[in-house]
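Colleague: Here you go, one structure.
Protein chains in written order, with the UniProt record's numbering: chain A, 1 to 297; chain B, 1 to 297.
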């Protein structure tokens, strides 16, 4: 059963056709989704880098409007959250560096989720997540997230099956609340093949400057590849929503992955349709104060 | 009385001689410190942008080591904090965007301090500051800081004189504790002239996309320019320490300001003298596991 998108003709040149990477409702078969190449993009790596520069310029303008709105409207201002998931070496850290590095750090909130601490384990799995959501006017990114609690937790039986089952609904309720609070939400699975992971793990082992990114446990997890893929399939199927959608992004090519995620962010920011906050003062009057009555002029 | 540095011959080309911008112990006379131009830099704007690109590349490498150390050593890892102060329009926000935007957002912590909330006012002035310090392995920046509590608080008499007096010592004790905790600390005053401020305020008034950055209160503060300069002089004199130094940075040229702050950060990161964390595993053994015994190979 293939749940991957069918080819479409005639998408815009210079951009990836994101609708083709967006999950469709229903059962998910990850094996049918591409893990490499640059599908739905009409160009090579050089064209992709050029396209990213164009997106970066628009991102910068859109984000400044968001920051401005946050400063002016406070708690009433919207925000955007991107949830990044993927197997070890799929490029979550690189995506944060390359895509979120394009933004003004004043309006960015990065949250990385590792194994829960003993204190966190005494609470519901969402307890540690809520305080790390983006604030008004911010763009947030979760490097791993509450989804680990239905992924590794399922594969490694860290919670009873009925608790895992409960969590899918809890996640949907939680995310509905996040959206109701004014946060646009988009979820990304960085999809790689086991072969790609092997070369990336070997590259980490070959370079002492990358040893800190490696853990022997990564190989233990790798042995459970099929179980993880199945856990992802269930999680994606159960939590894909019209306004909290999943995108399955082929992550074999870094330039393509960066372009896709930047475009996704850009589209979310565009959808906010933000104008510049209007002045609560009369600019002419303030100009007069500055020029005519200014003791320091 | 001039407390500005005397010219020095023979600094490196391609970099600003930061030691000439570093405050010297003793009384401070801000009027004698330049507010514009590119002193102690042997080049024009194009050379400055080239120099910044060189610094940026080194910053990126150094910061990755810091992030790696943070991930590997946890609470024992060092960090860096840059405190940014300056009059309205002096370029604090632009510095964060342009300089901290060069870094990996995963290792950056930006904290902006506005007027204290009613809740914050019920606590000591340092109460809200401590939780916003950079974590292990992070580079933090304060956009305004605890220094506002001896600047605006002094100029506007928001606290009794004896409380303001107490705060200088409290700040030194606090910062000594921060350093003892493994955080390198550097403090920057972005120094501009009243004329430069007037043009920048007018530019904000002229551009509806910049109205959100303007407040009529900025002009009220401007009328108290001399009082603010005096408050800065006292604060700098009382809190300049060998290992928590102040730099008075001419901020009339944005490219120069960015280069200076980037160099300061680079020097702090260099001083940590970080190597890559060593592996807690045998790379050869892990390579064998991946290639010989790998069920997914």
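Where a beta carbon is used, it is the ideal one built from N, C-alpha and C, also for glycine.
Can you list, in chain order, the residues of its chain whose CB lies under 7 Å from that of residue 307 of chain B, leaving out five sequence neighbours each side?
Modeller: Look at the range of chain B in this structure, 1 to 297, and you will see that residue 307 of chain B is not part of it.
Colleague: In angstroms with no decimal places, state the Cα-to-Cα distance between residue 100 of chain B and residue 108 of chain B.
Modeller: Going by the C-alpha atoms only, they are around 7 Å apart.
Colleague: If you compare alpha carbons, which of B:182, B:146, B:232 is closest to residue 243 of chain B?
Modeller: Ranking B:182, B:146, B:232 by Cα distance to residue 243 of chain B puts B:182 first.
Colleague: Going by DSSP in three states, residue 199 of chain B sits in which element: helix, strand or coil?
Modeller: Helix.
Colleague: Go ahead and pull the three-state DSSP assignment for residue 140 of chain A.
Modeller: Strand at residue 140 of chain A.
Colleague: On a CA-only basis, which of A:55, A:15, A:22 is nearest residue 236 of chain A? Give me that one, please.
Modeller: When each option's Cα is compared against that of residue 236 of chain A, the closest is A:22.
Colleague: Tell me which residues of the region 51-67 of chain B have at least one Cβ-Cβ distance to chain A shorter than 7 Å, keeping chain order.
Modeller: Per Cβ criterion, the list is empty.
Colleague: In the DSSP assignment, find the beta strand (DSSP E) that holds residue 81 of chain B and state where it starts and stops.
Modeller: Here the beta strand (DSSP E) through residue 81 of chain B covers 79-86.
Colleague: Touch check for the region 251-260 of chain A and the region 166-175 of chain A: three-plus C-beta pairs under 8 Å?
Modeller: Result no; under three Cβ-Cβ pairs closer than 8 Å.
Colleague: Here's a check: name, in chain order, each residue in its chain whose Cβ is nearer than 8 Å to the Cβ of residue 278 of chain A, leaving out the five neighbours to either side.
Modeller: Counting only Cβ-Cβ distances below 8 Å, and skipping sequence neighbours, we find nothing.
Colleague: Return the CA-CA distance between residue 281 of chain B and residue 215 of chain A, expressed in angstroms with no decimal places.
Modeller: Between residue 281 of chain B and residue 215 of chain A, the C-alpha separation is close to 8 Å.
Colleague: By a C-beta neighbour count over all protein chains shown, 10 Å radius and 16 as the cutoff for buried, is residue 38 of chain B buried or exposed?
Modeller: So residue 38 of chain B ends up on the buried side.
Colleague: Leaving out the 5 sequence neighbours to the left and right, which residues in its chain are closer than 6 Å to residue 129 of chain B when beta-carbon positions are compared?
Modeller: Result list for residue 129 of chain B: 146, in chain order.
Colleague: So residue 67 of chain A and residue 137 of chain A are in contact, right, with Cβ under 8 Å, and what is the actual spacing, rounded?
Modeller: Yes, they are in contact, since the Cβ atoms of residue 67 of chain A and residue 137 of chain A sit about 5 Å apart, within 8 Å.
Colleague: To the nearest angstrom, how far is it from the Cα of residue 59 of chain A to the Cα of residue 166 of chain B?
Modeller: Cα-Cα distance, rounded: 46 Å.
Colleague: Does any CB atom of chain A fall closer than 9 Å to the CB of residue 209 of chain B?
Modeller: Yes, contact with chain A.
Colleague: Taking its Cβ as the centre, do 16 or more other Cβ atoms sit within 10 Å of residue 251 of chain A, making it buried, or is it exposed?
Modeller: Classification of residue 251 of chain A: buried, given that the 10 Å Cβ count is 16 or more.
Colleague: Assign residue 211 of chain B to one of two classes, buried (16 or more other C-beta atoms within 10 Å of its C-beta) or exposed (fewer than that).
Modeller: Classification of residue 211 of chain B: buried, given that the 10 Å Cβ count is 16 or more.
Colleague: What residues in the region 72-90 of chain A have a beta carbon less than 8 Å from any beta carbon of chain B?
Modeller: Residues passing the 8 Å Cβ filter: 72.
Colleague: At a Cβ threshold of 9 Å, is residue 278 of chain B touching chain A?
Modeller: Yes, residue 278 of chain B lies at the interface with chain A (some Cβ there is under 9 Å from its Cβ).
Colleague: Leaving out five residues on either side along the sequence, give the residues of the same chain with a beta carbon under 6 Å from the beta carbon of residue 188 of chain B.
Modeller: So the qualifying residues of the chain are 84, 247, 249.
Colleague: Do three or more CB pairs link the region 114-121 of chain B to the region 48-62 of chain B at distances below 8 Å?
Modeller: Verdict: no, contact absent.
Colleague: Excluding the five sequence neighbours on either side, which residues of its own chain have a C-beta within less than 8 Å of the C-beta of residue 229 of chain A, listed in chain order?
Modeller: Excluding positions up to five away in sequence, the list reads 30, 31.
Colleague: Run through the region 99-144 of chain A for me and flag every whole alpha helix (DSSP H) of 4 or more residues, listed as ranges in chain order.
Modeller: Entirely contained in the region 99-144 of chain A, the alpha helix (DSSP H) runs reaching 4 residues are, in chain order, 118-121.
Colleague: Short check: CB of residue 78 of chain B to CB of residue 241 of chain B, under 9 Å?
Modeller: Not closer than 9 Å, so no.
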